[in-house]
Amino acid sequence: VHCDREGAVNPGKLFWIGQLDNSGGSVFIIYRAVNRNVFCISRSAFEINQWDTNLIPDSSYEEEGVDEFDSTRIVGGQFAVPNQFPFMAVVHRLLGNGMTSQCGGTIISSRWVLTAGHCVASGPKQFLVVFGICNKTGIEYNSYNGPGVAMLTNKAILHPNYQTTLNDIALLYMPRNIPFRASIQPIKLAGYNYLKKSFTGRTGAVIGWGKDGSSGAGTKRLKYALLPIISNKECSPYWAVTEKHVCTSASYHQDACQGDSGGPLIVFKNNIPLQIGIVSYGDGYCPSNKPGVFTRVVTFIDWIQQVTKLRF
Numbered sequence: 395v396h397c398d399r400e401g402a403v404n405p406g407k408l409f410w411i412g413q414l415d416n417s418g419g420s421v422f423i424i425y426r427a428v429n430r431n432v433f434c435i436s437r438s439a440f441e442i443n444q445w446d447t448n449l450i451p452d453s454s455y456e457e458e459g460v461d462e463f464d465s466t467r468i469v470g471g472q473f474a475v476p477n478q479f480p481f482m483a484v485v486h487r488l489l490g491n492g493m494t495s496q497c498g499g500t501i502i503s504s505r506w507v508l509t510a511g512h513c514v515a516s517g518p519k520q521f522l523v524v525f526g527i528c529n530k531t532g533i534e535y536n537s538y539n540g541p542g543v544a545m546l547t548n549k550a551i552l553h554p555n556y557q558t559t560l561n562d563i564a565l566l567y568m569p570r571n572i573p574f575r576a577s578i579q580p581i582k583l584a585g586y587n588y589l590k591k592s593f594t595g596r597t598g599a600v601i602g603w604g605k606d607g608s609s610g611a612g613t614k615r616l617k618y619a620l621l622p623i624i625s626n627k628e629c630s631p632y633w634a635v636t637e638k639h640v641c642t643s644a645s646y647h648q649d650a651c652q653g654d655s656g657g658p659l660i661v662f663k664n665n666i667p668l669q670i671g672i673v674s675y676g677d678g679y680c681p682s683n684k685p686g687v688f689t690r691v692v693t694f695i696d697w698i699q700q701v702t703k704l705r706f
């Protein structure tokens with residue numbers, strides 16, 4: 395949705411991330427007069443701080459669509475609103491004696507959830523997976539009492555060549571169909587058309603329920619943070635990355651931290667969310683000046699299709 399630029403002085407473009415005025419969308423094109431803080435959306439004007447963290451600069455815009463966003467323990471960032479990220483899943487591993495470990499995941503079909511390999515690699519293969527929520531209140535050890543949908547599964551498929559930071563990808567198979575509705579929807583994966591696309595210089599979104607800092611507790615409310623996607627060359631002084639990784643720069647006092655492993659790194663293409671990464675690893679202290687590392691989804695499309703018998 396965009397407003398008329400007529401009358402604007404030195405008009406520019408910005409993007410508003412998230413719902414606004416009950417319009418139901420997730421990305422809004424906002425035209426602004428550069429010399430004043432008046433923004434126009436759907437033929438209505440309002441005042442806004444030009445440093446508002448929901449605004450993404452013009453460099454992220456393409457005439458054919460919007461390539462945006464990132465993923466993991468969210469430091470800084472924004473709280474999500476209901477139905478903003480309906481593909482998100484809470485993945486609780488049941489460790490016994492009332493203990494759990496937390497990861498994120500994404501719905502990729504009516505039966506399959508995509509997550510990180512290290513979320514399933516060792517320990518018991520029993521998981522409580524919850525869909526359709528922004529707030530984790532109501533999740534118990536092996537049960538859930540809330541507005542979302544919960545399923546128990548012990549079917550976790552780890553990539554056969556998983557080695558901690560390499561091939562860090564896994565799939566969870568649900569015992570019954572995930573009931574799609576406004577708050578529960580699958581996400582589109584970056585397929586073969588994106589093999590040569592690095593997304594360097596774009597802005598990604600990381601999404602999850604991870605910790606608010608290096609010593610903070612996991613947040614009950616879903617959050618997202620906007621992070622610049624950087625080249626592997628820029629990332630390599632910090633981490634041993636390969637062509638099967640994608641990195642984001644830790645900046646703007648936002649970061650992805652432990653506790654949201656398995657969650658998505660997304661961009662938007664023609665207003666449709668596209669998952670290009672899975673939260674894998676980074677610095678244990680957050681916020682950090684070191685990049686975050688994600689599993690590059692497109693390099694594992696063959697394996698995902700082989701396991702799920704689906705086509706992406």
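Numbering (our numbering), first residue to last: 395 to 706.
We put the CB at the ideal spot given by N, CA and C, even for glycine.
Where the alpha helix (DSSP H) containing residue i begins and where it ends
i: GLN700; result: 695-702
i: LYS627; result: 626-629
Rounded straight-line distance, which links the Cα of residue j to that of residue i
i: LEU522; j: ARG487; result: 6 Å
i: LYS684; j: THR594; result: 16 Å
i: SER643; j: LEU621; result: 6 Å
i: LEU616; j: ILE533; result: 14 Å
i: THR702; j: LYS627; result: 33 Å
i: ASN539; j: LYS614; result: 14 Å
i: GLN699; j: TYR586; result: 12 Å
i: PRO451; j: ARG596; result: Bear in mind that the predicted position of PRO451 carries a pLDDT of just 36, short of 50, making it unreliable; the figure below should be weighed with that in mind. In a straight line, the C-alpha of PRO451 is about 10 Å away from that of ARG596.
i: THR689; j: ILE672; result: 5 Å
i: ALA474; j: GLY604; result: 13 Å
i: TYR535; j: TYR632; result: 37 Å
i: LYS591; j: THR559; result: 22 Å
i: ASN431; j: GLN472; result: The predicted model places ASN431 with a pLDDT of 38, which falls under 50 and marks its position as unreliable; any figure quoted below should be read in that light. Each residue's Cα considered, the two are about 21 Å apart.
i: ASN711; j: GLY656; result: The requested residue 711 does not occur in the structure, where the chain is confined to residues 395 to 706.
i: ALA515; j: LEU589; result: 27 Å
i: ASN526; j: SER625; result: The identity of residue 526 in the sequence shown is Gly, whereas the question assumes Asn. Computed Cα separation, rounded: 33 Å.
i: GLN520; j: LEU546; result: 7 Å
i: GLN496; j: PRO541; result: 20 Å
7 Å Cβ shell around residue i - same chain, five flanking residues per side excluded
i: LEU704; result: SER503
i: ALA584; result: LEU668, GLN669, ILE670, VAL691 and VAL692
i: PHE706; result: LEU583, GLY585, ILE695, ILE698 and GLN699
i: LYS530; result: VAL484, TRP603 and LYS614
Cβ-Cβ distance between residue i and residue j below 8 Å
i: TYR675; j: VAL661; result: no
i: VAL485; j: CYS513; result: yes
i: ASP654; j: GLY498; result: yes
i: VAL524; j: PRO573; result: no
i: PRO480; j: GLN579; result: yes
i: MET482; j: ILE601; result: yes
i: ILE501; j: LYS582; result: no
i: ALA634; j: TYR618; result: no
i: LEU489; j: PRO518; result: yes
i: TYR556; j: ARG505; result: no
i: SER577; j: ASN664; result: no
N-terminal and C-terminal residue of the beta strand (DSSP E) that residue i is part of
i: ILE601; result: 597-602
i: LYS614; result: It is not in any beta strand (DSSP E) - LYS614 carries neither H nor E in the DSSP assignment.
i: VAL514; result: Unbroken run through VAL514: none, as it is neither H nor E.
i: TYR567; result: 564-567
i: GLN669; result: 666-675
i: PHE662; result: 658-663
i: CYS497; result: 493-501
i: LEU488; result: 482-490
Nonlocal neighbours in the same chain, by C-beta distance under 8 Å from residue i, ignoring five residues either side
i: LEU694; result: In the sequence on display, residue 694 carries Phe and not Leu. Within the same chain, PHE694 has close Cβ partners HIS553, ASN561, ILE563 and LYS638.
i: SER537; result: LEU522 and ALA544
i: GLY492; result: TYR535
Contacts around residue i, its chain only, beta-carbon distance under 6 Å, and the 5 residues preceding and following it disregarded
i: CYS629; result: VAL635, CYS641 and PRO685
message: Quick check: the region 544-561 against the region 495-512, are at least 3 beta-carbon pairs closer than 8 Å?
response: The answer is yes - the region 544-561 touches the region 495-512, with three or more Cβ pairs under 8 Å.
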